[in-house]
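Worksheet for the structure shown next.
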Amino acid sequence: MEIPAKSHLLAAIRSERAELEAVLDRVPAARLSQPLAGDDWSVKDILAHIVAWEQVLLHWWQAGQNGETPTDPGPGLSNDDVERLNSAFYQAHRHRPLPEVQEDFRRSYAQIIAMLEAAPDAAIEQPGYFPWAGSAPFAWFITPSTSDHYQEHRLQIAAWLDAAA
């Protein structure tokens with residue numbers, strides 16, 4: 005797997021986030037808390053879910069900066085772990101007010117961008133920079149919680165909107 009340069013990661017994150025926000029702008033305010041078709045989750049729940057995974061990434065980064073191994077959750081998650089965490093995140097955030105979730109969505113993204121902008125390129129791109137990552141560069145942990153994640157849920161929300169049109 006190719007290691008993306010930090011500048012490419014930032015560009016992809018910004019681009020996918022802008023596309024996600026463009027789709028979110030299409031969602032009427034009254035529908036932000038309504039479940040998507042065939043799902044228990046609403047757009048609000050998806051936003052909280054994205055924030056939760058961004059915060060996991062920031063937790064992993066901070067642990068690495070402190071010379072620690074991240075725990076709860078740690079890296080190397082299995083699909084079962086991801087499903088368990090997604091369920092736990094949903095249960096923890098489903099009753100939160102929409103404005104609070106929206107503020108967290110903005111704040112968490114700003115934290116991700118600030119972390120990446122301040123990070124030395126080597127900390128992102130160099131394999132094994134953080135011992136807990138083994139031979140993987142931190143870059144490989146970034147995209148699943150940011151640009152790839154934004155794209156996944158952008159497409160999900162857009163399909164829901166298009167089906168209702």
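Under our numbering, the very last position in the sequence shown is 169; numbers go up by exactly one each time.
We put the CB at the ideal spot given by N, CA and C, even for glycine.
Name the two residues that bound the continuous alpha helix (DSSP H) containing residue i.
i: Ser19; result: Lys10 to Asp29
i: Gln59; result: Val47 to Gln69
i: Gln221; result: Outside the shown range of the chain (5 to 169) lies residue 221, about which nothing can therefore be said.
i: Pro148; result: Ala143 to Ser149
i: Ile3; result: Outside the shown range of the chain (5 to 169) lies residue 3, about which nothing can therefore be said.
In angstroms, rounded to a whole number, what distance separates the CA positions of residue i and residue j?
i: Asp108; j: Ala56; result: 9 Å
i: Arg111; j: Pro141; result: 25 Å
i: Phe93; j: Ala126; result: 31 Å
i: Arg21; j: Leu120; result: 15 Å
i: Leu51; j: Ala137; result: 27 Å
i: Leu28; j: Ile54; result: 13 Å
i: Ala123; j: Leu13; result: 12 Å
i: Gly68; j: Val60; result: 12 Å
i: Pro135; j: Thr73; result: 8 Å
i: Ala118; j: Val105; result: 20 Å
i: Gln115; j: Asp44; result: 28 Å
i: Arg88; j: Leu40; result: 20 Å
Name the DSSP bridge partner or partners of residue i?
i: Pro77; result: None; Pro77 has no bridge partner.
i: Pro39; result: Ser46
From the options, pick the residue whose C-alpha is nearest to that of residue i; which is it?
i: Glu25; options: Ala9, Gln95, Gln155 and Ile117; result: Gln155
i: Asp49; options: Val60, Met119, Ser37 and Ala143; result: Ser37
i: Ile128; options: Asp152, Ser149 and Trp65; result: Trp65
i: Glu174; options: Val47, Arg18 and Ala143; result: Nothing about residue 174 can be reported from this structure: the residues present for the chain run from 5 to 169 only.
i: Ile17; options: Ile161, Ile146 and Asp166; result: Ile146
i: Ala163; options: Ala15, Ser91, Lys10 and Val31; result: Val31
i: Leu102; options: Lys10, Ser19 and Arg35; result: Arg35
i: Pro148; options: Val86, Ser11, Ser46 and Gly71; result: Val86
Would you call residue i buried or exposed, if buried means 16 or more other Cβ atoms sit within 10 Å of its Cβ?
i: Glu58; result: buried
i: Pro8; result: buried
i: Thr150; result: buried
i: Gly132; result: exposed
i: Ser11; result: exposed
At a Cβ threshold of 8 Å, is residue i touching chain B?
i: Leu40; result: Among the chains of the structure shown, chain B does not appear; only one protein chain is present.
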